[in-house]
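What follows is a short report on a single structure.
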Amino acid sequence: MQLRLPIHVTDVQKYKRCPKMFAAEVEKRYRQPEGHLSHLGVLVHSVIAEYLRWCRANGQQTDYDRLPVILNDKHRESGMAPETWDEAYEICDTFARSHLVPQGHVMIEGTIKVDREGRLVHDDSPLGWLEGTPDFVDYERDDRVTIVDWKSGYASEPDWFQLETYAWLVAETISMTARPAEYELVYDYVRWNVVKSKIVTADDLPRIEKRLRRITDLMEKDTEWKATPGTGCSFCTEECSVEVRPYVCRIEDEAVEMARALILAEKEKKRIEGYLKPYIAEHGNVTVNGIEVGYKRSGDLVWPDVDTFKRACLDAGVNPVEYLKVDTRQVNKELRDNGELPGWLVAIGESGATLRFGTRKAKGG
Ligand code: SF4
-10 MQLRLPIHVT DVQKYKRCPK MFAAEVEKRY RQPEGHLSHL GVLVHSVIAE YLRWCRANGQ
50 QTDYDRLPVI LNDKHRESGM APETWDEAYE ICDTFARSHL VPQGHVMIEG TIKVDREGRL
110 VHDDSPLGWL EGTPDFVDYE RDDRVTIVDW KSGYASEPDW FQLETYAWLV AETISMTARP
170 AEYELVYDYV RWNVVKSKIV TADDLPRIEK RLRRITDLME KDTEWKATPG TGCSFCTEEC
230 SVEVRPYVCR IEDEAVEMAR ALILAEKEKK RIEGYLKPYI AEHGNVTVNG IEVGYKRSGD
290 LVWPDVDTFK RACLDAGVNP VEYLKVDTRQ VNKELRDNGE LPGWLVAIGE SGATLRFGTR
350 KAKGG
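Numbering (the numbering used here) for the sequence shown: -10 to 354.
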C-alpha cells in the first residue's frame, strides 16, 4: 500500500489505532460504518459552520431565526430523510443557544497544511506533508488560542492526540514572536452541550511534534501494516484473524434485547441490594474475590458558611476569591424562571454538564 501525501491528522490517528485497519481503509477494503450518525454529523458540522459565518458576517452574536433557514438548505443538499431534520435542528439549536458567536479573529473549518520541516505551505502546494482541519480556532486572545472539535454523536471519550496535533499545526499559523503561551483544546459534544477541555502550553509543543513525527516516520516506512488489536477492533469491519475481538452488537433488534437485559439487571441489582443492606448494616462490608461490597465514605470537608470562610482566609492573609467557585444553583434558577439565560451569563459560561452511560426514564415514556 502506497501512503499518499499530505497525510491528514485523522489518518495518523487511525494508523496509531491499527496500521492494518488504516491500510485497509486506504485500499477501500474497510469502510467506516456509514450509518445515520455519520451522515448526521456531516450535516450538523456544515450547519454550525454556516451559522457561525452568517452571524459573523452580520455582526450578530446569535440569530436563532436564521438556523432553520440554513438547516433547510443544508438538509436538502444532504439528501437525508425528512425525519432527520428535527434531530439535526435540536442539536444545532442547543449549540446556538449555548454559544455566543465571537466577532474577533477566528478560523472556521480551515485547513492548515505544512511541509516536512513543519512550515506553513499554501493549500495546493506540492510540498504539503501534513494537513489538518480543526472545526473552530479562536485566535482572539494574545495569551491563549482555543481549538475546538465539534462532536455530534453519543459517545464522549476524548482522544487528545487529534487536538494536540492541531495545536502544533495552529502554532505554525501564528508568527513566532506572537505565539501564545497556552493552547486550550476543547471537545464540544454538541448533542449534549457537554464540553471537555484541557490546556497545553507552548512548552508542550516539542513533545507533541516529537510524538507526531515518530508515528508519521513509522507510517512512511511501513510496508507490513500489521494488526495491533485494541479498542478499535470493536468497530472494525476488516477481515482480520485477531483472536480476542470483543463482541459488539450492530443490529437494532439485538441492541433492544441488550437494553432490556440491562434494565432487568439493574432491577435485580436493586433487589439484591435490598436483601444485603440489613446484613451489612449489622455485620459490616463483605469482601468477595478482593472486591469489597457495602458502604464507602466519599466526599471531603465542606465550608458552607461563606462569611466565616472569607474571614478565616483574610485573617490568614489568603485571598478567598482564589478558593471560590460560582454557585450555579442561582444561575439555574434564573434559567428555570426566565426560559433562557441572559446573554452576558452565556458569554462567560462554560458547559459543566457531564455524560453518564446508563438507564433513565424516556421522554414521554
Ligand atoms: S480487527 Fe482489530 S487488529 Fe484487526 S484490523 Fe481491525 S482494528 Fe486492526
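We treat Cβ as the ideally placed atom computed from N, Cα and C, and that holds for glycine.
When the five nearest sequence neighbours on each side are left out, the beta carbons in the same chain lying within less than 7 Å of the beta carbon of residue 247 are those of 238, in order along the chain.
Rounded to whole angstroms, residue 315 and residue 299 show a C-alpha spacing of 15 Å.
Per DSSP, the unbroken beta strand (DSSP E) holding residue 97 starts and ends at 95 to 97.
Between residue 113 and residue 100, the alpha-carbon positions lie close to 11 Å from each other. The bridge partners DSSP lists for residue 178 are 140, 183.
In the same chain as residue 92, and ignoring 5 residues on each side of it, the C-beta atoms closer than 7 Å to its own belong to 45, 48, in chain order. Proximity to the ligand SF4 was defined by a C-beta distance below 5 Å to any of its heavy atoms, and the residues meeting it, in sequence along the chain, are 7, 9, 10, 216, 218, 221, 222, 225, 227, 229, 231. In the structure shown, residue 116 falls within a coil segment according to DSSP collapsed to helix, strand and coil. With respect to the C-alpha of residue -2, the residue from 290, 159, 180, 213 having the closest C-alpha is 159.
Annotation for residue 53: 85 place their beta carbon closer than 6 Å to its own, counting only its chain and skipping 5 residues before and after. Ranked by how close their Cα comes to the Cα of residue 156, the residues 105, 147, 133 have 133 in first place.
In this structure residue 254 is exposed. Its beta-carbon is surrounded by fewer than 16 other beta-carbon atoms within 10 angstroms. Proximity of the segment 197 to 204 to the segment 137 to 157 meets the contact definition, three or more beta-carbon pairs being nearer than 8 Å. In this structure, DSSP gives residue 193 a helical state, which the three-state scheme calls helix.
In the DSSP annotation of this structure, residue 101 is not part of any alpha helix (DSSP H); the continuous beta strand (DSSP E) holding it starts and ends at 101 to 103. Residue burial annotation: residue 17 is exposed, with fewer than 16 other C-beta atoms found within 10 angstroms of its C-beta.
DSSP places residue 226 outside both helix and strand once states are collapsed to three, so it counts as coil. Nearest to residue 90 by alpha-carbon distance, out of 60, 43, 136, is 43. Buried is the label assigned to residue 121, since at least 16 other Cβ atoms lie within 10 Å of its Cβ.
The continuous beta strand (DSSP E) containing residue 275 extends over residues 275 to 277. For residue 242, the enclosing alpha helix (DSSP H) begins and ends at 241 to 272.
With a threshold of 16 other beta carbon atoms within 10 Å, residue 275 falls short and is exposed. Residue range 280 to 282 is occupied by the beta strand (DSSP E) that includes residue 282.
Rounded to the nearest whole angstrom, the C-alpha separation of residue 349 and residue 258 is 15 Å. Looking at the DSSP output, residue 338 sits in no beta bridge, so it has no partner there. Within the same chain, Cβ atoms closer than 7 Å to the Cβ of residue 211 are found at 8, the five residues on either side in sequence being excluded.
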